[in-house]
Amino acid sequence: MAGKENENGPKLSEIFSFLLESCEFLDTTSEPTVSDKVQNRVKKCMRDGERAIQMTNELSLFSVNEDLEEIATADMKYLLLPAFLAFCSSKNTAIERMETVRKSQDYYRDFVRLCKNYDLTNIELKPSSEEDAADMRVPPMHGPDEVKAMAAQRQEKIARFRKQKETENQLKEMQKLMEKEFVDDEIKRKFYLTLIDRWVIRSQEEMESLSSEVQILKHMQQMRASGQSLPEKKKPADFKPNPNYRPIIITKDMLQKKVFGAGYPSLPTYTVEEWFDQQVAQGNMPQPDSNSMLAGANAGPETEAAQIEEENAEKEKKIEEDDEETLLKARNMDDWKDDHRRGWGNTHNKG
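Numbering (our numbering), first residue to last: 1 to 351.
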């Protein structure tokens, strides 16, 4: 029956899907609340939400004389319409903030009352007159009784937060089942009940926040009525560096700079030759002339080539003079080359 199309607009189920998606968008978007994109969505949500509530009243979907089991599964989700409308109303910036807060509070109260009729929550709602009176006075928060009350309130908020996280995890798991082509009626019913439970917790948090905001708004109204000016925000002064300021050098940063090159002089103080002469004078290195290996290392490529040519000439001379030792070495080398072809070698790690 709730899925019946309205003559002047979309179906009730389509409005519900739009409101649900819009609440998720408004809750997670990084767009500023005052932006046109957000405010246009808020206006459409409020317009469609009010129309949806009117449609549920005309269809008589809910009654104080029935139990939760008597509600059809397809109609159970429409219990959330006042909560969606309350959340979207709190984002409206087109009217005065006090009016926005009051309207949002009224929708949240309607949602909680509707849930209490079906034993979905045990939240106690104060009458509007008592709540207004409570908003006007701020109780002193000192003494043992007040401290105990604050501790109990803190524990209640912690338990509420844990339950909200648990509920959100359950919704994520059941959302996968709801996306299937055929979903069992019990799964749908459990999903909607869990979604309602989540918004009951959310409504309690939002109502406490809105009640605190009302106190601030009333205090601002009283200050304006008495002629007092609101405190202006202090503009940040221009930054002026202190000439006597000494930067703090952390040991870790100082060591890193020494390792990576920023902690030592980048220009050399003497040449390599001067350093070598200094080491020789200190006795850390031998004299250049007394070390044949150092002299050989300093020899150029021309000297090395001359030495190789001299050794080859001496070998050829010995072979021509039939030197027995040289001839024996040459024959042995020829025999070894015949038995060991080039490239044979160790081929274990090749290919």
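Where a beta carbon is used, it is the ideal one built from N, C-alpha and C, also for glycine.
In this text the structure is predicted, and so the values were computed from the model without any measurement.
In the three-state reduction of the DSSP assignment, residue 226 falls in the coil class. Rounded to whole angstroms, the Cβ separation of residue 160 and residue 204 is 7 Å, and the two are in contact under 8 Å. Within the stretch 74-106, no run of beta strand (DSSP E) reaches 3 residues while sitting entirely inside it. Here the stretch 64-79 lies against the stretch 190-204, with 3 or more beta-carbon pairs under 8 Å apart. Between the alpha carbons of residue 23 and residue 210 lies a gap of roughly 18 Å. C-alpha of residue 197 to C-alpha of residue 96: approximately 31 Å in a straight line. In this model, residue 42 and residue 20 are separated by some 12 Å (Cα to Cα). Three or more pairs of CB atoms, one per stretch, sit closer than 8 Å, so the stretch 35-54 contacts the stretch 81-99. Out of 144, 54, 63 and 70, the CA that lies nearest to the CA of residue 81 is found in 54. Taking the Cα positions, residue 38 is about 37 Å away from residue 152. For residue 166, the closest alpha carbon among the candidates 179, 145, 201 and 184 is that of 201.
For residue 34, the number of other beta carbons within 10 angstroms of its own is below 16, and it is reported as exposed. With contacts defined by Cβ atoms closer than 9 Å, residue 52 and residue 15 form a contacting pair. The continuous stretches of alpha helix (DSSP H) do not include residue 72, and DSSP gives it neither H nor E. Straight through space, the alpha carbons of residue 168 and residue 148 are spaced by roughly 30 Å.
Counting along the chain, the unbroken alpha helix (DSSP H) around residue 36 starts and ends at 36-59. Taking a C-beta distance under 9 Å as the contact criterion, residue 59 and residue 12 qualify as a contact pair. For residue 121, same chain residues with a beta-carbon under 6 Å away, outside a window of 5 residues either side, are 115 and 200 in chain order. For residue 144, the enclosing alpha helix (DSSP H) begins and ends at 144-178.
Nearest Cα to residue 28 within the set 87, 327 and 68: 87. Using a Cβ distance threshold of 9 Å, residue 177 and residue 98 do not count as a contacting pair. Rounded to whole angstroms, residue 286 and residue 273 show a C-alpha spacing of 14 Å. Assignment of residue 338 by DSSP, reduced to helix, strand and coil, places it in the helix class. Cα atoms of residue 50 and residue 163: separation of roughly 30 Å, rounded to the nearest angstrom. Judged by DSSP in its simplified three-state form, residue 285 adopts coil rather than helix or strand. Judged by DSSP secondary structure, residue 16 falls within the alpha helix (DSSP H) whose first and last residues are 12-28.
Straight across, the Cα-Cα distance linking residue 158 with residue 187 is about 29 Å.
With fewer than 16 other beta carbons inside 10 angstroms of its own, residue 327 counts as exposed. Taking the Cα positions, residue 108 is about 24 Å away from residue 31. Within the same chain, and ignoring the five residues on either side of residue 25 in sequence, the residues whose Cβ sits closer than 8 Å to its Cβ are 41. Between residue 101 and residue 208, the alpha-carbon positions lie close to 12 Å from each other. Residue 185 sits away from residue 118, with the two beta carbons spaced by 9 Å or more.
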